[in-house]
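Peer 1:
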Ligand code: DON
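Numbering (the working numbering), first residue to last: 6 to 569.
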C-alpha cells in the first residue's frame, strides 16, 4: 500500500495539471522547422531559447537561456534550486554528459529520516528543509557555458531577468498546480507571502526577488550562488527551518563531466545519461531485453507488446533498485548490466501464457568484484549540435521551501536516496545499499536525457519528467519512432504504460485502449487504469529524412515547440 501511495503521489502531481487530457484526440503532427528548434515545457522558454539560436547562438547558449527561463516561468520544476543532467552531441559527432545533480549535505547520515524505532518518518525526506540536497543547476549552466558557450552569459540570462520582473501569464494547468500546493507551501515555510493566494488562469505572475537574484548571478557569476549573497539567503532560510545545508556545502559543490551510456540497437546508436542517473543503463537493459523478440511484429500497444515491455521493465527495475547508486561511492557492475547475454538470460523465465510475479524476480545474479516535478527540453541548433536536458526539483516545487529573499524554490532531491533499504520513496521506488544516504553522495536518478544517431547522423533528441516513469516514457517513444515509424508528435501523443517491478502493477494512462485488459488480467497481470491521468511529459525533436526537424511537444502539459 505504501509503495502504491508513493507512486500515486507523483501521478497525482500530474493529475493536478492534466485531468482533462485525452491523449487519443491529441495532435499527431508536430511543428516542422527547417533548421533549429527548442521543445520545452513552456512556450515562453522555448521562444527565449529560439531567440538565442536566431542570434547565431549555439545549442548550448540556447540551453542556458531556456533553462533559466524555465526557472522563472515553470517554477514547479524549472529551477536554480535543483539539479540536472545534460547529454550532448556536437555537429562533429562528439558526445558527452554533464552531471549537476544535487548532493547530500555534509551533515547527512544514513538514518536521518528514521524515527527511534527505525521507521521512516513520513514526509521528512520530501517536505521542508531536511529534504533539500545541495543544488547543482547554476554550477551546471556555468560549466556548460565555459566549455561550449559562444554568447556572453549576460545575454543568455537577460530575457529571464526581464520575464521575472515583468511577469508571465499563468496557464490553467499551472494555476491548478499552484493552488494545489498552497497548503504544502505553508507547512514548509515560516512565512509565505508570495504564493499565499488563489491563482487563476490569465493572472500575471511577477517574481521581482528572482529578477534580483538572476541579476546578481549575471553580475557576479557562479560564485554568487555558491558563496555570495544568494548562498547566504539559502543557508539563512534553511537554518531557520531546521535544515542542515551550510555555506561549506555550497562552496564545495562541483559538477562532473561523465561519459554517457552509449549502445547500439539495430542501426541506431543511443546516447543517454550515465550514473548517478539510472536512465541510460536501464534504457540499455530494456533494449537488450527486448532485442531478441523483434518487437515490431506485435502491433503497437497490443497485448503482446504490453507483455514484452512489462516483463522487461520488471526485471530492469529490480536491477535498478539493487545495483545502482552514485558511481563515486559504489561500484556498479556496468559491464554485466550492459551485456547482451545477461539481459537475454534475464528474460528466459518469461512466458507469453502467464505474468511473472514481481515476487519471483530479484536483481540479476552478478558477481561484484570488490575494489564496490522535473522538466525536460530538447534543442537542435542550425549548426547541427544537439542537447537533451532534464532538470528537476524532484517533487512539484521541490521541498516547497521557498527562499523568499531570493525568489526561488529548493529541491527535495534527498528523497531520491534510500531513506531505508527496501523502503519505497515517493515514486514507489525501492533502493538498496548502493543508494543509501551518505554525506556528499549524489542520489540515484531516473532522468533520461537521450540522443539517438542513425548511420552516424543525428536522428532524435528526447527526454521526459515523471520520476520512475521517465525511463519507460523515453523507451516507448524511441520504440514508437524507430520500430513503429511514428512521427515525433504522433509518438509523444500516443498513450503510455509503465511497470517498475515494485509495486507489481501495470499503470496505464486513462487514454489507453482497454481492449487487452481482460486477457492480461487472466494471465496474472495486475492493472491500474484508474490512478494515472498521464505518464511523463515527453519533449522531443526528430530529424526527418529530408533533414527538416519535427517537434514533439507533450500535449499533456503546456509544452511547446518553437523553431525556424
Ligand atoms: O531524478 C529523478 O529521478 C527524480 N528526482 C525525478 C523527479 C521527477 O521527474 C518529477 N517529475 N515530475
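Even glycine gets a Cβ: it sits at the ideal position worked out from N, Cα and C.
When you compare only the Cα positions, how much space is there between residue 78 and residue 45?
Peer 2: Rounded to whole angstroms, residue 78 to residue 45 spans 11 Å at the Cα level.
Peer 1: Anyone know if the C-beta pair for residue 219 and residue 165 falls short of 7 Å?
Peer 2: Yes, the Cβ-Cβ distance between residue 219 and residue 165 is below 7 Å.
Peer 1: Less than 8 Å between the CB atoms is what I'm expecting for residue 478 and residue 434, so what's the real figure, rounded?
Peer 2: Wrong, their Cβ atoms sit about 15 Å apart, outside the cutoff.
Peer 1: Quick one: what does DSSP say residue 512 is sitting in, helix, strand or coil?
Peer 2: Reduced to three states, the DSSP call for residue 512 is strand.
Peer 1: To the nearest angstrom, report how far apart residue 134 and residue 184 are at their CA atoms.
Peer 2: Rounded to the nearest angstrom, the two C-alpha atoms are 21 Å apart.
Peer 1: Apply the 10 Å Cβ neighbour rule to residue 569 and answer buried if 16 or more other Cβ atoms are within range, or exposed otherwise.
Peer 2: Exposed, by the Cβ-count rule.
Peer 1: Under DSSP, the beta strand (DSSP E) around residue 379 begins and ends at which residues?
Peer 2: Where residue 379 is concerned, there is no enclosing beta strand (DSSP E), given that its DSSP letter is neither H nor E.
Peer 1: Here's a check: name, in chain order, each residue in its chain whose Cβ is nearer than 6 Å to the Cβ of residue 424, leaving out the five neighbours to either side.
Peer 2: Once the five neighbours on either side are set aside, the close Cβ partners of residue 424 are 118, 125 and 130.
Peer 1: Report whether the distance from the Cβ of residue 383 to the nearest heavy atom of the ligand DON is below 6 Å.
Peer 2: Because no heavy atom of the ligand DON lies under 6 Å away, the Cβ of residue 383 does not count as near it: no.
Peer 1: Does any heavy atom of the ligand DON sit closer than 6 Å to the C-beta of residue 472?
Peer 2: Checking every heavy atom of the ligand DON against the Cβ of residue 472, one is found closer than 6 Å.
Peer 1: Taking its Cβ as the centre, do 16 or more other Cβ atoms sit within 10 Å of residue 367, making it buried, or is it exposed?
Peer 2: Counting Cβ neighbours within 10 Å, residue 367 comes out exposed, since fewer than 16 surround it.
Peer 1: When the Cα atoms are used, what is the spatial distance from residue 416 to residue 338?
Peer 2: C-alpha separation (whole angstroms): 30 Å.
Peer 1: Suppose contacts are defined by Cβ-Cβ distances below 7 Å. Is residue 284 in contact with residue 176 by that definition?
Peer 2: No, Cβ-Cβ distance for residue 284 and residue 176 is not below 7 Å.
Peer 1: Could you pull out every unbroken alpha helix (DSSP H) segment of at least 4 residues lying fully inside the region 307 to 382, listed in chain order?
Peer 2: With a minimum length of 4 residues, the continuous alpha helix (DSSP H) runs that stay inside the region 307 to 382 are 308 to 328, 339 to 342 and 345 to 351.
Peer 1: Candidates 414, 267 and 53: which alpha carbon is nearest residue 457's?
Peer 2: Of 414, 267 and 53, the residue nearest in Cα terms is 267.
Peer 1: Nearest by alpha-carbon distance to residue 402: which of 200, 335 and 357 is it?
Peer 2: Out of 200, 335 and 357, 200 has the C-alpha closest to the C-alpha of residue 402.
Peer 1: Under the assumption that residue 498 contacts residue 32 (Cβ atoms under 8 Å), give the Cβ distance between them as a whole number of angstroms.
Peer 2: Residue 498 to residue 32, Cβ: 6 Å. Contact.
Peer 1: What are the boundary residues of the alpha helix (DSSP H) that residue 234 is part of?
Peer 2: Its alpha helix (DSSP H) spans residues 234 to 245.
Peer 1: Identify which residue in 516, 461, 565 and 491 has its Cα closest to the Cα of residue 97.
Peer 2: It is 461.
Peer 1: What do you get for residue 505, buried or exposed, if any count of 16 or more other CB atoms within 10 angstroms of its CB means buried?
Peer 2: Flag for residue 505 reads buried.
Peer 1: Can you list, in chain order, the residues of its chain whose CB lies under 7 Å from that of residue 115, leaving out five sequence neighbours each side?
Peer 2: Contacts found: 441, 442 and 443.
Peer 1: Any contact between the region 296 to 308 and the region 186 to 200? By contact I mean 3 or more CB pairs, one from each, below 8 Å.
Peer 2: No: the two stretches stay apart, fewer than three of their Cβ pairs being nearer than 8 Å.
Peer 1: From 251, 57, 204 and 197, pick the residue whose C-alpha is nearest to that of residue 41; which is it?
Peer 2: Minimum Cα distance to residue 41 is reached at 57.
Peer 1: Quick one: complete beta strand (DSSP E) runs, 3+ long, within the region 79 to 114?
Peer 2: Within the region 79 to 114, the complete beta strand (DSSP E) runs of at least 3 residues are 88 to 94 and 100 to 105.
Peer 1: Are there 16 or more other CB atoms within 10 angstroms of the CB of residue 374, so buried, or fewer, so exposed?
Peer 2: Note on residue 374: pLDDT 42, under 50, position unreliable in the model; no value is reported.
Peer 1: Would you call the CB atoms of residue 92 and residue 265 closer than 7 Å?
Peer 2: It is a contact, given that the beta carbons lie within the stated cut-off.
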